[in-house]
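Here's the structure we're looking at; comments come further down.
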Amino acid sequence: MAKRLKTIIAGLLVAGVCYTAPTVRDGPQERTSKAQMSSAAQERVNLRRAWQKLEMILAANFGRRDLHVIATYDEAHLPPNRAEAVKRMRKFIKQLRAHRRARGQPTRYVYVTEQLSAEGGRLHHHMVLNGTGDDLEVLRSLWVWGQIEVERL
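In the numbering used here, each residue carries its 1-based index in the sequence shown increased by 839.
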């Protein structure tokens, strides 16, 4: 098996990855049966790789002037489930994009919906958003379901 070196440049972040090129051994039938299985070790590798991928996306698209936004819910507007929370976040992003588009400002973002524990916990959203200068008041006016916390990256 051949070793390969891959250099990834994402903004100011440069990463070198050395890996072994895989050889295809399984046919489509065997791959289908393996597709649903992941060992605990493989799940940890997948999680670490997902973090690395997110780090590259953030480094390539965002800088020091951009924002980390945390959107929380108050008691009166707490969504009943994760699907409803995602639906509200998408509505918020749609409104934010329309607001910025009307002013000729671009909208770049990455967000994740998080619940503090599997048994319950409060749903909330983390978002990295490009900064435009007048963000705090706009974000607070568009997020009607609770509180918005904003900090620079």
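Positions of the beta carbon are idealized from the N, C-alpha and C atoms, including for glycine.
Just so you know, these numbers come straight off a predicted model, no measurement behind them.
Apply the 10 Å Cβ neighbour rule to residue i and answer buried if 16 or more other Cβ atoms are within range, or exposed otherwise.
{"i": "Arg910", "result": "Position check: residue 910 holds Ala in this sequence, whereas Arg was assumed. With 16 or more Cβ atoms within 10 Å of its Cβ, Ala910 is classed as buried."}
{"i": "Leu935", "result": "buried"}
{"i": "Ala854", "result": "exposed"}
{"i": "Met928", "result": "buried"}
{"i": "Ile848", "result": "exposed"}
{"i": "Leu893", "result": "exposed"}
{"i": "Ala924", "result": "buried"}
Of the choices the options, whose alpha-carbon is the least far from that of residue i?
{"i": "Gly970", "options": "Thr846, Val908, Ala941 and Leu962", "result": "Val908"}
{"i": "Ala899", "options": "Glu990, Ala880, Val949 and Ala874", "result": "Val949"}
{"i": "Gln944", "options": "Leu844, Ala874 and Leu968", "result": "Leu968"}
{"i": "Asp913", "options": "Ala879, His964, Ile847 and Gln891", "result": "His964"}
{"i": "Leu906", "options": "His938, Asp974, Gln986 and Gly866", "result": "Asp974"}
{"i": "Leu897", "options": "Thr952, Arg942, Thr846 and Arg947", "result": "Arg947"}
{"i": "Thr952", "options": "Glu882, Trp890, Lys926 and Thr846", "result": "Lys926"}
Between residue i and residue j, is the Cβ-Cβ spacing less than 8 Å?
{"i": "Phe931", "j": "Leu981", "result": "yes"}
{"i": "Met895", "j": "Leu852", "result": "yes"}
{"i": "Leu962", "j": "Arg921", "result": "yes"}
{"i": "Ala992", "j": "Arg864", "result": "It should be pointed out that residue 992 corresponds to Leu in this sequence rather than to Ala. Taking 8 Å as the Cβ cut-off, Leu992 and Arg864 do not qualify as a contacting pair."}
{"i": "His938", "j": "Gly985", "result": "no"}
My output table needs one value for residue i: the three-state DSSP class, helix, strand or coil.
{"i": "Val853", "result": "strand"}
{"i": "Gln954", "result": "strand"}
{"i": "Leu935", "result": "helix"}
{"i": "Leu886", "result": "helix"}
{"i": "Met966", "result": "strand"}
{"i": "Ala874", "result": "coil"}
Please report the straight-line C-alpha distance between residue i and residue j, rounded to a whole angstrom.
{"i": "Met876", "j": "Glu976", "result": "47 Å"}
{"i": "Ile987", "j": "Tyr858", "result": "42 Å"}
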